[in-house]
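For reference, the structure discussed in these notes is given below.
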Amino acid sequence: MGEQSITLNPDQLYMHNFIRHLLNDVEALKIMLEEDYFETGITRIGAEQEMCLVYRDSLKPAKINMEIIEKMKDYPWLTTELAKFNLETNFDPKEFTGSCFRDLEAENHEYLNMIQEYLHPYNASIILTGILPTLQKNDLDIENLTPKDRYYALMNSIKAQLIGQSFELRLNGIDELNIRHDSPLLEACNTSYQVHLQVSPKDFVKMYNISQAITAPVLAIAANSPLVFGKRLWHENRIALFQQALDTRTTQDHMRERSPRVNFGKGWLQDSILEIYKEDISRFRVLLGTDIEEESLELIKNGKVPKLKALQVHNSTVYRWNRPCYGISANGKPHLRIENRVLPAGPTIQDQTANAAFWLGTMMAAGEQYSDITSQISYEDVRDNFMKASQFGIDSEFTWFKDKKVSACDLILEELLPMARQGLKSCKVDSGDIDKYLGIIEERAKKHMNGSRWILRAFTKLKSETTVDEALSVLTSCIISNQQKHIPVHNWPLPNLNDMEHYNPSQMQVNEFMETDLFTCQKDDPVELVADMMDWRKINYCPVEDTKGNLIGLITSRLILRYYAKRAKMKTEDAVLVRDIMIDTPITIGPNERIIDAVEKMKKHGIGSLPVVQGNELVGIITEMDFLRISARLIQNSGK
């Protein structure tokens, strides 16, 4: 998340001063580029690992990052992320040669093993996954924001820019998700493995355009985030979710264009890295301010290297999927980097390292082969490919160079893997490591199996055998198990329900258990319609709602039986409406209450269902049949 020293509630004068520093930083960077300040002749790589924390027994988010940070405060490579159930590690930069990928993997193992030792007393585990399967919407409530000034300031600043009434998430895939949220903390669903490549200033434009061009196939083979809140949507939901979580725009009557802060870009880079910084300052308001002591232009006049602190703070609040970065190497020389932000966390450390090797190798080979990749493919096709890869992952078909139509797997096997191999060889990467990591990518493409496809197949199988919550819990348990065995995802077996030893739903909340695909009626509907509908759908309870979706009653199969019995005795043909027989004050429960409380309420009142309401709005229902399914699974588990 970049610079942590952020000022809360700055006044206008403070922000004007920060903007002055920001503009001076741009001018200082321009001078540094013109006067060859930058380190050249060496290429380094780096990475950042984001992760989720879960409790071992429930597989639900463990909101304990500050406790772990406090216990590991002597380790500078460990830092917080947006939500209390996230952490991030930062690896030492490595020269792009020899054993760099093997060393990157070993460092990742070392750091995660150390964190896991500190998690044991909390009965918690690390999981590497683009979006945690067991994550629920209420986990993204603002009280679960990591308590740091920067995060509070960022949330408040983004929310202040909101044009509409709330942040909205709209995604369609196998399932459909349409929800609204009161804060941008939805962004915390996402965890990534971000890879950095140091680039010389003279090559930056060429290499940045290459990074844009190859984003789609790299994303397609690496996709690992197909589930959001138990819904099967895009193959890489992080792309849409991140944009929509921070999207302050709303629908309008006019055609005015506004760009989201999370974006792929609007065109090829033409002249310099400065184009990106200037565009981002022009398009996006400054959200955060920080105390700045240095005067970057004065430092330049004295031949010193500025940190460009203001520019880095603003750059950290504009989320390009290929982000330009400025930094200072250990030798005191400034450098430029391209940060690849599309790669998800997981499925394993090996898989992540393979993704990095594939991207970096392809970058280097394309840099040698194409002086101007923009002559090979239009920007419109590059952007279209990116959206296809986000939605369809490994199943995508792309428009490639010279207008060639090709599937993701064929493109990777026939063109990009040979390029990546050549790029890694040119950097003198150890041949055994090239075979190992690119071999993982090759096997994924040959078997047509990456993280997203495995998760989709596994969840669909489990969902047909049990409740959604248990399916998500078993899925999460199996992901952790396979990660700990260091098995690349293309070799993962599909899970079985008995792969999770103990499933305890007692602490579940109603929103994790309730049925949301509802069949309802309205008070003026004829009873005959509702009776037939309940018969057709094999349901015993039918909520009655008004035209706004508010609960106003409940029809049960027992009421229907009474109605027909009474009608037969009276031998009447008079029309009877739902309002004439419905329970007009049904017992209800809220979505954030515990399942155990729902059981007690149903026992106390001798009822077989509980409509779930938020305020007055009907959002779901739970019935005795739902509890029977859970009971059957618990009995089966106890007999093992």
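For the sequence shown, position 176 matches number 929 in our numbering, and the numbering has no gaps at all. Using N, Cα and C, we set each Cβ at its ideal position, and we do this for glycine too. Just so it is clear, the structure is predicted and the values come from calculations on it, not from any experiment.
With a 10 Å radius around its C-beta and 16 neighbouring C-beta atoms as the bar for buried, classify residue i as buried or exposed.
i	result
Asp764	exposed
Tyr1317	exposed
Ile1053	buried
Gln757	Since pLDDT at Gln757 reaches only 49, below the 50 mark, its modelled position is unreliable, and the value read off the structure follows with that caveat. Exposed, by the Cβ-count rule.
His769	exposed
Glu1195	buried
Asp1125	exposed
Ser1413	Not covered by the structure: residue 1413. The range shown for the chain is 754 to 1393.
Arg1094	buried
Gln1144	buried
Thr1106	buried
Thr1127	buried
Asp1222	buried
Met804	buried
Pro1077	buried
Arg1290	exposed
Met908	buried
Following the continuous beta strand (DSSP E) through residue i, name the residue where it begins and the one where it ends.
i	result
Gly1080	1075-1081
Lys1157	1157-1160
Ser1149	Per DSSP, Ser1149 belongs to no beta strand (DSSP E) and is neither H nor E.
Gly1306	1304-1309
Arg933	929-934
Helix, strand or coil for residue i? Go by DSSP, reduced to three states.
i	result
Tyr1123	coil
Tyr946	strand
Leu1089	strand
Gln914	coil
Ala836	strand
Lys1322	helix
Phe1380	helix
Gln1175	helix
Val1394	In the structure as shown, the chain starts at 754 and stops at 1393, and residue 1394 therefore has no counterpart that could be examined.
Arg923	strand
Ser1362	strand
Thr1213	helix
Ile895	helix
Pro874	helix
Gly1204	helix
Leu1330	strand
Thr1115	helix
Measure the CB-CB distance between residue i and residue j and report whether it falls below 8 Å.
i	j	result
Gly851	Val1182	yes
Leu1363	Tyr1079	no
His1239	Thr1341	no
Met1172	Ala1119	yes
Leu840	Leu898	no
Leu972	Pro886	no
Gln1367	Pro1339	no
Met1335	Leu1307	yes
Gly1204	Val1242	yes
Ser964	Ile1091	yes
Phe849	Cys1180	yes
Gln951	Arg797	yes
Arg1073	Gly1020	no
Leu1164	Phe1151	yes
Asp928	Arg985	yes
Leu1271	Pro1296	yes
Tyr946	Leu831	no
How far does the alpha helix (DSSP H) with residue i in it reach, from first residue to last?
i	result
Cys1295	Run containing Cys1295: none in the alpha helix (DSSP H); it sits in the beta strand (DSSP E), 1294-1298.
Tyr808	Here Tyr808 belongs to no alpha helix (DSSP H); instead the beta strand (DSSP E) covers 797-808.
Ala877	Counting along the chain, Ala877 falls outside any alpha helix (DSSP H), though it belongs to the beta strand (DSSP E) covering 877-880.
Ser1226	1221-1237
Lys1199	1184-1200
Asn777	765-787
Arg1290	1280-1290
Leu888	No alpha helix (DSSP H) holds Leu888; DSSP gives it neither H nor E.
Val1263	Looking at the DSSP string, Val1263 is not in any alpha helix (DSSP H), and its letter there is neither H nor E.
Tell me whether residue i counts as near the ligand PLP, meaning its Cβ is closer than 7 Å to at least one heavy atom of that ligand.
i	result
Leu831	What this structure holds is no ligand at all, so the ligand PLP is not there to describe.
Length-filtered (4 minimum) alpha helix (DSSP H) runs lying within the stretch 992-1069: 1027-1036, 1049-1054, 1062-1068
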